[in-house]
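Asks: Numbering (our numbering), first residue to last: 82 to 386. Once you've had a glance at the structure underneath, I'll fire off some questions.
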Amino acid sequence: MLIVRDLNKSFGKQQVLKNINITANKGQIYGLVGSNGCGKTTFLKHIMKIYKQEEGEIFYNGELVNDKTPIIDEFYYVQDNLFFPSQYTLNKLYNYEKLLYKNISRQKFDKLVNFFNIDPEKPLNKMSKGQKKQAAFVMAMSTCPKLLLLDEIVDGLDAVIKRKFWNVLIQDVMENDTIVIISSHDLKELDNICDRVGIMHEGEIIKEENLEELKNEVKRVQFAINKEFIASNNNSYSVVKTMKMGSVYICTIKGDLESFKKHLYDSYSVVLFDELPMNLEEIFITELGDKGYGTEIYQNDDESL
82 MLIVRDLNKS
92 FGKQQVLKNI
102 NITANKGQIY
112 GLVGSNGCGK
122 TTFLKHIMKI
132 YKQEEGEIFY
142 NGELVNDKTP
152 IIDEFYYVQD
162 NLFFPSQYTL
172 NKLYNYEKLL
182 YKNISRQKFD
192 KLVNFFNIDP
202 EKPLNKMSKG
212 QKKQAAFVMA
222 MSTCPKLLLL
232 DEIVDGLDAV
242 IKRKFWNVLI
252 QDVMENDTIV
262 IISSHDLKEL
272 DNICDRVGIM
282 HEGEIIKEEN
292 LEELKNEVKR
302 VQFAINKEFI
312 ASNNNSYSVV
322 KTMKMGSVYI
332 CTIKGDLESF
342 KKHLYDSYSV
352 VLFDELPMNL
362 EEIFITELGD
372 KGYGTEIYQN
382 DDESL
């Protein structure tokens with residue numbers, strides 16, 4: 082288990098991480114999502130001890146993690162902006178990394194190279210962005226890490242390669258109890274594979290729960306009624322967003338959906354009522370909307386346009 086408690090970090094006068102707390106269990110894929118520039122990459126670098134926190138602690142299986150902890154050698158981090166030494170091929174990179182990672186597997190490396198159809202003798206810096214991502218992923222999986230940190234790993238991958246990528250990752254998590262933390266803006270991809278999600282904004286984790294529990298907390302419904310709908314809240318639920326499309330209202334509800342439904346039927350003549358599927362993207366927009374992020378409405382004041 083990975084536990085982060087009350088992590089704080091500032092660069093100069095700017096505080097970039099504010100009391101970060103997360104819990105990720107073995108055999109779990111943890112999705113770290115958030116607004117642009119919220120500190121996701123900075124946070125991952127603290128887990129790897131690339132940066133040192135000012136306050137707070139990181140534990141792996143109850144052991145305090147610092148730059149001298151042996152367990153850090155079994156963590157692996159694939160960053161968003163990949164850098165490879167000049168003229169290095171994937172084979173050369175493997176030969177270098179086998180000096181650092183005691184659990185590295187040549188058999189696994191060869192199998193993954195073949196599965197992703199990568200030329201292990203092609204210079205890495207001459208590969209496309211997507212090919213570099215695949216090469217970095219192959220290298221990461223070959224080290225057989227206990228904790229794997231992936232920063233925007235699916236960015237630049239086509240749909241076919243993404244499917245192969247998730248297939249490999251999910252099998253590894255199931256077979257080896259790996260903890261995986263993925264930072265990504267591709268919420269539709271994470272929606273299909275994450276067990277737990279942390280939503281980050283302006284250096285803080287504003288929400289952290291298992292994905293299914295998050296989906297149970299936030300509901301979206303559509304309904305048609307005999308007159309204008311006036312949103313109201315009570316102790317059981319709150320209406321966080323309302324849209325009208327023709328004669329149909331679409332509402333995002335937090336709290337007890339049955340209480341909202343009862344209020345609707347008691348107050349209006351209901352012609353239509355359906356619960357709509359809720360995904361991670363909708364939850365993300367709702368949670369950040371509560372913080373005022375992205376709620377601005379653009380209005381063109383130039384009447385000549």
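Heads up, the beta-carbon is just placed ideally off N, CA and C, and yes, glycines get one too. Keep in mind it's a predicted model, so treat the numbers as computed, not measured.
1) Can you round the beta-carbon distance between G137 and I84 to whole angstroms, since I take them to be within the 8 Å contact cut?
2) Where does A240 fall in DSSP's three states?
3) If I measure Cβ to Cβ from K269 and keep anything under 8 Å in the same chain, skipping five residues before and after, which residues do I get?
4) Rounded to the nearest angstrom, what separates T259 and V235 at their Cα positions?
5) Who does C332 pair with in a DSSP beta bridge?
6) Taking the C-alpha atoms as reference points, what is the distance between A217 and N117?
7) Three or more C-beta pairs closer than 8 Å, one from the region 302-322 and one from the region 141-154: is that the case here?
8) Kindly identify the DSSP beta-bridge partner or partners of V278.
9) Could you have a look at D191 and say whether DSSP puts it in helix, strand or coil?
10) Which residues mark the beginning and the end of the beta strand (DSSP E) in which F140 is found?
11) Does the distance from the CB of D232 to the CB of T122 come in under 8 Å?
12) I need the straight-line Cα distance from Q134 to V278, nearest angstrom please.
13) Buried or exposed: where does D239 fall if 16 or more other Cβ atoms within 10 Å of its Cβ makes it buried?
14) Verify whether the separation of the beta carbon atoms of I274 and I251 is less than 8 Å.
15) From what residue to what residue does the beta strand (DSSP E) around Y158 run?
16) Answer yes or no: do S264 and L88 have a C-beta to C-beta separation smaller than 8 Å?
17) Which word fits S209, buried or exposed, when buried means at least 16 other C-beta atoms lie within 10 angstroms of its C-beta?
18) Measure the CB-CB distance between F165 and N206 and report whether it falls below 8 Å.
19) Between the Cα of N162 and the Cα atoms of M129, K213, L181 and Y330, which residue gives the shortest distance?
20) For the alpha helix (DSSP H) containing K99, name the first residue and the last one.
21) What did DSSP end up calling S264 once you bin it into helix, strand or coil?
22) Nearest-angstrom Cα distance between K203 and Y157?
23) Using 10 angstroms around the beta-carbon of K183, count the other beta-carbons present and answer buried if the total reaches 16, otherwise exposed.
Replies: The relevant details are as follows:
1) Translated into positions along the sequence shown, residue 137 becomes position 56. Translated into positions along the sequence shown, residue 84 becomes position 3. The pair is not a contact, with the Cβ atoms about 11 Å apart (cut-off 8 Å).
2) For the purposes of this step, residue 240 is identified with residue 159 of the sequence shown, where counting begins at 1. A240 carries a helical assignment under DSSP once its states are collapsed to helix, strand and coil.
3) On the sequence shown, position 188 is the one that residue 269 refers to. Result list for K269: N360, L361 and E362, in chain order.
4) Within the sequence shown, numbered from 1, the residue matching residue 259 stands at position 178. Within the sequence shown, numbered from 1, the residue matching residue 235 stands at position 154. Rounded to the nearest angstrom, the two C-alpha atoms are 19 Å apart.
5) Walking along the sequence shown from the start, residue 332 turns up at place 251. Among the bridge pairs identified by DSSP, C332 is matched with V302 and T323.
6) Taking the sequence shown and counting its residues from 1, the one referred to as residue 217 is at position 136. Taking the sequence shown and counting its residues from 1, the one referred to as residue 117 is at position 36. Each residue's alpha carbon lies about 23 Å from the other.
7) Contact check between the region 302-322 and the region 141-154: fewer than three CB pairs, one atom from each, fall below 8 Å, which does not count as touching.
8) Position 197 of the sequence shown, counted from the first residue, corresponds to residue 278. Its beta-bridge partners are G112 and E290.
9) Taking the first residue of the sequence shown as 1, we reach residue 191 at position 110. Helix at D191.
10) To locate residue 140, count along the sequence shown from 1; it is residue 59. Residue range E136 to Y141 is occupied by the beta strand (DSSP E) that includes F140.
11) As a working mapping, residue 232 is identified with position 151 in the sequence shown. As a working mapping, residue 122 is identified with position 41 in the sequence shown. Yes, Cβ-Cβ distance for D232 and T122 is below 8 Å.
12) Here residue 134 corresponds to residue number 53 of the sequence shown, with the count starting at 1. Here residue 278 corresponds to residue number 197 of the sequence shown, with the count starting at 1. Take the alpha-carbon of Q134 and the one of V278: they are about 22 Å apart.
13) The sequence position of residue 239 within the sequence shown is 158, counting from 1. Counting Cβ neighbours within 10 Å, D239 comes out exposed, since fewer than 16 surround it.
14) Translated into positions along the sequence shown, residue 274 becomes position 193. Translated into positions along the sequence shown, residue 251 becomes position 170. A contact, by the Cβ cut-off of 8 Å.
15) Counting from one through the sequence shown, the residue named residue 158 turns up at place 77. Per DSSP, Y158 belongs to the beta strand (DSSP E) from F156 to V159.
16) To locate residue 264, count along the sequence shown from 1; it is residue 183. To locate residue 88, count along the sequence shown from 1; it is residue 7. The criterion of a C-beta distance shorter than 8 Å is not satisfied by S264 and L88.
17) Within the sequence shown, residue 209 is the residue found at index 128, counting from 1. Exposed is the call here.
18) Here the question's residue 165 lines up with position 84 in the sequence shown. Here the question's residue 206 lines up with position 125 in the sequence shown. In this structure, the beta-carbon distance from F165 to N206 falls below 8 Å.
19) Looking up residue 162 in the sequence shown gives position 81. Per the C-alpha coordinates, the member of M129, K213, L181 and Y330 positioned closest to N162 is K213.
20) Taking the sequence shown and counting its residues from 1, the one referred to as residue 99 is at position 18. Premise fails: K99 lies in the beta strand (DSSP E), Q95 to A105, not in any alpha helix (DSSP H).
21) Here residue 264 refers to the residue found at position 183 of the sequence shown. In the structure shown, the three-state DSSP call for S264 is strand.
22) Numbered from 1 along the sequence shown, position 122 holds the residue referred to as residue 203. Numbered from 1 along the sequence shown, position 76 holds the residue referred to as residue 157. Cα-Cα distance, rounded: 23 Å.
23) The residue given as residue 183 occupies position 102 in the sequence shown. It counts as exposed.
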